[in-house]
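Q: Residue numbering for the sequence shown follows the working numbering, beginning at 1327 and increasing consecutively. Here a beta-carbon is modelled for each residue, glycine too, at the ideal position from N, C-alpha and C. Quantities reported herein were computed from a predicted structural model and do not represent experimental measurements.
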Amino acid sequence: MSTEVKVKNTSAEVISSLSRELSSTYLLSIKYKKFHWYVSGPFFRELHLMFDEHHTQLLAVIDDLAERSRVIGGYPAATAEEFIAHAEIKESKNQTYTPQEMVEILYADTDTIINALHRDVELATKDNDPGTADLLTGIVQVYQKQAWFLAETKARKALV
Ligand SMILES: [Fe+2]
């Protein structure tokens, strides 16, 4: 039995999955900041603060994903161009959104990323990389909690 500790997983697939999750998270974090700045209406303060809280949580996720890539021998996406190219969600280009639209957009993006994370946890597990699988599993929980907050907010139709 080998006692060698496996330090690196140089699987190109796992490394590119980290760049994909990082890029999606980066674009979503920018969207949160945009909506933090642009939101208005009767629930301004509540939404303004929630968007910023989620943004801050995603900053930690971004750093963990990028550093995990380096730990296993990769070079994560690290420019705006790369983030746009690798992300599985799109930027929000409009200037005006209602608060309801903002929450719906954020929820849909979060749902996309949660599905991608499930897929990439499986990929890392199949590739015998429990460290990456564990990191991604933890990140799924961050996103699921955010999805809960967004869903509860979205359900309140008077948000307008
Ligand atoms: Fe602010």
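Flag this pair as yes or no: are the beta carbons of residue 1469 and residue 1440 separated by less than 8 Å?
A: As a first step, residue 1469 is located in the sequence shown; it is residue number 143 there, counting from the start. As a first step, residue 1440 is located in the sequence shown; it is residue number 114 there, counting from the start. Cβ distance < 8 Å, so residue 1469 and residue 1440 count as in contact.
Q: Between the stretch 1456 to 1463 and the stretch 1356 to 1364, do at least 3 Cβ pairs fall closer than 8 Å?
A: no
Q: Looking at the structure shown, is residue 1450 part of a helix, part of a strand, or coil, going by DSSP?
A: Walking along the sequence shown from the start, residue 1450 turns up at place 124. Reduced to three states, the DSSP call for residue 1450 is helix.
Q: Measuring CA to CA, which of 1473, 1342, 1479 and 1357 is closest to residue 1398?
A: Walking along the sequence shown from the start, residue 1398 turns up at place 72. Answer by Cα proximity: 1342.
Q: Of all the alpha helix (DSSP H) runs that stay within the bounds of the stretch 1452 to 1483, which reach a length of 4 or more residues?
A: 1456 to 1480
Q: Cβ of residue 1380 within 7 Å of any heavy atom in ligand 1?
A: Along the sequence shown, one-based indexing puts residue 1380 at 54. No.
Q: Would you give the residue range spanned by the alpha helix (DSSP H) that residue 1409 belongs to?
A: Translated into the one-based positions of the sequence shown, residue 1409 becomes position 83. Run containing residue 1409: 1406 to 1412, per the alpha helix (DSSP H) assignment.
Q: If you measure from the CB of residue 1362, is any heavy atom of ligand 1 nearer than 7 Å?
A: Working through the sequence shown from its first residue, we reach residue 1362 at position 36. Yes.
Q: Using beta-carbon positions only, say whether residue 1337 and residue 1414 come within less than 8 Å of one another.
A: Residue 1337 sits at position 11 when you count from the first residue of the sequence shown. Residue 1414 sits at position 88 when you count from the first residue of the sequence shown. No, Cβ-Cβ distance for residue 1337 and residue 1414 is not below 8 Å.
Q: Flag this pair as yes or no: are the beta carbons of residue 1433 and residue 1480 separated by less than 8 Å?
A: Residue 1433 sits at position 107 when you count from the first residue of the sequence shown. Residue 1480 sits at position 154 when you count from the first residue of the sequence shown. In contact: residue 1433 and residue 1480 (Cβ atoms closer than 8 Å).
Q: Could you name the residues of the same chain whose beta carbon sits closer than 8 Å to that of residue 1376, not counting the 5 residues immediately before and after it, in chain order?
A: Start at 1 with the first residue of the sequence shown, and residue 1376 comes out as number 50. The beta carbon of residue 1376 sits closer than 8 Å to the beta carbons of 1475 and 1479 from its chain, once the five residues preceding and following it are set aside; these are given in chain order.
Q: DSSP three-state label for residue 1426, please.
A: In the sequence shown, the residue the question calls residue 1426 occupies position 100. Helix at residue 1426.
Q: Could you check what DSSP says for residue 1360 in three-state terms: helix, strand or coil?
A: Locating residue 1360 in the sequence shown gives position 34, counting from the first residue. Helix, per DSSP.
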